[in-house]
Amino acid sequence: MSNTVQIHQALLDSLKEDSPPRLDEHGRQVRCLLMYSGGLDSTLAGVLLRMQGIEVIAINMFTGFCLTDHKRKMGHRRKDGSRYQNEAIVGAAGLEIPVEVVDVREGYLKVLTEPKYGWGSAVNPCIDCRIHMFGHANRELLAEYDAHFIATGEVLGQRPMTQMKRQMGIIERDTDLQRMIVRPLCQGLLDVTIPEERGWVDRERLLSITGRGRKPQIQLARELGILDYPQPAGGCCFLTDGNYGKRLRDTIDHKPADEVTFDDVLVLKVGRHFRLPGGNKLVVGRNHEENELLRGYWHLGPFLRVRGVPGPLCLYVGNPASSDFPLALQVAARYADCPNEAEVDVEVLNQDELQRLVQTVPLDPGEENAWKIY
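Sequential numbering of the sequence shown, starting at 705, is according to this note's numbering.
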């Protein structure tokens, strides 16, 4: 499998030539908003709808927690040496449909920190997340794009938190989208939707795929001429990562949920994190790229950096007058390239402006592990 969707030209040609526009009862072109990740399932959904003459607009929701996007910003490369890209943008280009990246961060903090339907195995509020996204699509996007309905690449039973009948019903109910979401890959197993009743979508040409296996999708892709596509994107969300989950739970334990900011949760993606004995926090960059990303969080607290030797940029979040601060200086020195017992100068910075210089001795390696948030 490759990193992007590649579609055989014959399929693209047939979509243009053999799929006359599907019109609604008023003679208008039927148009749908496809919740699109750029992966195989949502690509197949888009192809199946286009084969019915439906105009498809891809919608890629941005929450700030996409692992692929983080890797792209960090300058990481894939195993084959290629750069990380927004798979939805690349996939939509391959499918030759328009794509819109929609920022849905507003209101998302409450979804994350106080989910009505709870977290998954880490801190993934999957049901609440879907409600947030679909609700935004219903309130803001359907009218903006003059679309008739919403479609997804969901497969019944593929993901236990969001792709079971009960959860699908909850999501539709809580977003006022009852029977307005079409799921082309599994719609044959679900109740008839309004778009089907009104003739906007032909139910006979929708599928009945179920379960966590992907053989039916892979076979369909081969038959349709979808040549290559990214690996399944289930692990693309930071919120499903156990270590990230521990960091977020720690943040909520030390700060009221309604006071947690987006920067409080975004910085959790970067560096080593330590909760010091007095409750203050230290973030230690692990490489040059993380040091550069940490610079964007200067307003959370002062930076610490050992003068004159290679080492990390560290972010101290908390009260500099606390007894934790001298300890933070020692941790910063422990990760710098200096002798363990040598006294070093640590710069205390506001952005790049030196505030003061403090002498300390590096902590013994391993001693900091008692405060590390894994």
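For glycine and all other residues, C-beta sits at the position ideal for the given N, C-alpha and C.
Supposed contact pair residue j and residue i - C-beta distance, whole angstroms, cut 8 Å
i    : j    : result
G915 : G861 : 5 Å
A749 : A841 : 15 Å between Cβ atoms; not a contact.
Rounded separation between residue i and residue j - CA only
i     : j     : result
T1055 : V987  : The amino acid at residue 1055 is misidentified as Thr; the sequence shows Gln. Using only the alpha carbons, I get a separation of about 15 Å.
E844  : I793  : 21 Å
T944  : P819  : 14 Å
R809  : V1013 : 39 Å
I930  : I801  : 15 Å
Y740  : C940  : 14 Å
N995  : P1016 : 7 Å
G892  : V859  : 11 Å
L771  : F942  : 6 Å
K869  : G917  : 18 Å
V971  : Y1001 : 7 Å
Q867  : R902  : 25 Å
R877  : G857  : 19 Å
Simplified DSSP assignment, three categories, for residue i
i     : result
E818  : coil
V974  : coil
A937  : Confidence at A937 is low in this model, with a pLDDT of 47, below 50, so the placement of that residue should be treated as unreliable; the coordinate-derived value is given next. Coil.
V751  : helix
Q862  : coil
L931  : strand
Q1063 : strand
R787  : strand
K985  : strand
I835  : helix
C736  : strand
V905  : coil
Candidates the options: closest to residue i by CA position
i     : options                       : result
L737  : T817, G1022, Y1001 and R887   : R887
E1045 : T1064, Q1059, H852 and L1033  : T1064
W904  : E848, Q882 and R754           : R754
R990  : G1000, R976, I922 and A847    : R976
F1029 : L1058, M868, G1000 and N984   : N984
E1072 : L1058, D1041, A1032 and R1060 : A1032
E685  : S1027, V806 and Y821          : There is no way to answer for residue 685, as the model of the chain reaches only from 705 to 1078.
M852  : L911, I885 and W1002          : Checking the displayed sequence, the identity of residue 852 turns out to be His instead of Met. Among L911, I885 and W1002, the Cα nearest to that of H852 is on I885.
D880  : Q923, L910, L752 and H836     : H836
V1021 : Q923, G982, G768 and D850     : G982
N1023 : V760, Q867, L1004 and R863    : L1004
I831  : V971, M865, Q1034 and E759    : M865
Y933  : R735, Y1078 and E791          : E791
H958  : G857, G946, V751 and R979     : R979
Any contact of the stretch 941-950 with the stretch 825-833, i.e. 3+ C-beta pairs under 8 Å?
yes
Do the stretch 1040-1052 and the stretch 997-1013 meet, that is, are 3 or more Cβ pairs less than 8 Å apart?
yes
For the stretch 956-966 and the stretch 794-813, state whether three or more C-beta atom pairs, one from each stretch, are separated by less than 8 Å.
yes
Is the stretch 728-736 touching the stretch 779-798, taking contact as three or more C-beta pairs under 8 Å?
no
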